[in-house]
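Enquirer:
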Amino acid sequence: MHRIHLLPGGPDRLIQGLRAEGAQLVGAQEQPDGIVLTKMFGGLDLDQVLRENPQATWVQLPSAGIEKYGKVLAAHPERLWTSAKGAYAAPVGEHGLLLTLAALRGLKTRARAESWGPEGGVSLNGLRCVVLGAGGVAAEIVRLYKAFDTHVTVVRRRDEPMGSADRTVTFDQLDDVLDGADVLALAAAVTPQTEQMIGAEQFGALAEGAVVVNVGRGRLIEQDALVEALSSGGLGGAGLDVTDPEPLPDGHPLWGLKNCLITPHTADTAEIVAPLLCERVLTNFRLIREGREPVGRVDPQQGY
1 MHRIHLLPGG PDRLIQGLRA EGAQLVGAQE QPDGIVLTKM FGGLDLDQVL
51 RENPQATWVQ LPSAGIEKYG KVLAAHPERL WTSAKGAYAA PVGEHGLLLT
101 LAALRGLKTR ARAESWGPEG GVSLNGLRCV VLGAGGVAAE IVRLYKAFDT
151 HVTVVRRRDE PMGSADRTVT FDQLDDVLDG ADVLALAAAV TPQTEQMIGA
201 EQFGALAEGA VVVNVGRGRL IEQDALVEAL SSGGLGGAGL DVTDPEPLPD
251 GHPLWGLKNC LITPHTADTA EIVAPLLCER VLTNFRLIRE GREPVGRVDP
301 QQGY
C-alpha cells in the first residue's frame with residue numbers, strides 16, 4: 001500500500017504527511033492502491049473511480065456518518081472501507097453539551113430578549129440522561145455529562161458497557177429507559193433500524209419539560225412529531241445541529257419555536273475537522289501498510 005490518490009485533492013498538511021510516511025501520490029489513472037476522499041459528500045463519482053481501479057483495495061471516507069455512500073459501499077463490498085467515525089468526537093461532543101445546556105437554560109429566548117423578563121432554566125446537574133449511539137461522539141457526550149453528576153444510560157445495538165455510563169442497554173429497551181428521562185441526546189448513525197427511531201411515543205415517555213439534543217442525523221427523529229412535542233409543551237426544549245431535511249427550509253415550523261435552537265450542522269466545521277481528518281488518514285495509511293487493523297473500519301453490509 002504505497003500509491004494513494006486523493007479525491008479531489010488535499011491540503012498541504014495531508015500531502016506532506018503522506019509523503020513523509022512513504023506514500024506516492026498519484027492520479028486516478030495511475031493505478032492507485034488506495035483512494036482517500038478529502039471532502040464530504042461532494043459531487044464526486046466515487047463509483048466510477050472505483051470501477052476504473054479494481055486494484056485499489058482501500059477507500060477512506062471523510063465523514064463519520066456515511067449513509068450517503070450506501071450505494072457505492074454495496075457495489076464494492078470487497079474493498080477495505082474506513083470512515084472518520086470517532087475522529088471528530090471531541091468537537092461534536094462539545095457541541096452536544098453546548099446544545100444541551102442551551103436547551104435547559106432557554107438560551108434561544110434570552111438571546112432574542114430585549115427586556116429583563118422572568119427567570120428560568122434548569123441545571124444539568126443530577127438529571128437523568130439517555131444517549132443514543134455507540135461511537136466516539138456518544139462516548140464523548142457521556143464523558144461530558146458525567147462531569148455534571150448525571151445518571152447516564154447509553155442505548156446502542158450491543159449491550160457492551162460504554163466508558164463512564166451508568167448503564168448500557170440495547171435498542172429494544174429504548175422506550176423503557178426513556179420513561180421519565182430529563183435529557184435525550186442523539187449521536188447515532190442512520191440505519192434501517194435507527195431511522196425515525198424517535199417519534200411521538202418516545203417524546204411522550206420523557207419527563208415533563210425534558211430536552212432533546214441531536215448531533216447525529218436528522219433522520220433519527222420524526223420531525224413532525226418533534227414540532228408537535230415542542231409546540232404543545234410536552235418537551236421543554238430542543239437543540240439541533242442536524243435536521244430532516246437538511247438544510248432546513250426557510251419557514252419550517254421549527255425555526256419559529258422559542259424552545260428550539262438550531263445550528264446549521266456546525267458541530268464539525270471544515271476548519272475544525274481538517275486536522276482531525278488528516279491525522280485519521282495518516283494513521284490508517286500507516287496501520288494498513290504495516291498489516292494492522294485500521295481505525296474506523298466500515299462494514300459495507302451494515303452501512304457503518
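Quick note on numbering: the sequence shown equals residues 1 to 304 in the numbering used here.
Glycine included, every Cβ here is placed at the ideal spot set by N, Cα and C.
#1: Quick check on residue 53: buried or exposed, where buried means 16 or more other Cβ atoms within 10 Å of its Cβ?
#2: Anyone know if the C-beta pair for residue 87 and residue 64 falls short of 8 Å?
#3: Helix or strand or just coil, what does DSSP make of residue 24?
#4: In or out: residue 299 buried (at least 16 other Cβ within 10 Å) or exposed?
#5: For residue 133 and chain C, any beta-carbon pair shorter than 8 Å?
#6: Between the alpha carbons of residue 295 and residue 287, how many angstroms are there, rounded?
#7: Between which two residues does the alpha helix (DSSP H) holding residue 238 run?
#8: Cα separation between residue 233 and residue 213?
#9: Is the distance from the Cβ of residue 67 to the Cβ of residue 190 below 8 Å?
#10: DSSP beta-bridge partners for residue 107?
#11: Any contact of the stretch 130-143 with the stretch 180-199, i.e. 3+ C-beta pairs under 8 Å?
#12: Ignoring anything shorter than 3 residues or poking outside the stretch 117-151, list the beta strand (DSSP E) runs there in chain order.
#13: With residue 283 as the anchor, note down where its alpha helix (DSSP H) starts and where it stops.
#14: Would DSSP call residue 66 helix, strand or coil?
Expert: The short version:
#1: buried
#2: In contact: residue 87 and residue 64 (Cβ atoms closer than 8 Å).
#3: strand
#4: exposed
#5: Given the protein chain composition of this structure (a single chain), no chain C is represented.
#6: 8 Å
#7: Looking at the DSSP string, residue 238 is not in any alpha helix (DSSP H); the run it does join, the beta strand (DSSP E), is 237-240.
#8: 16 Å
#9: yes
#10: DSSP output for residue 107 lists no bridge partner at all.
#11: yes
#12: 128-132
#13: 270-289
#14: Here residue 66 sits in coil by DSSP.
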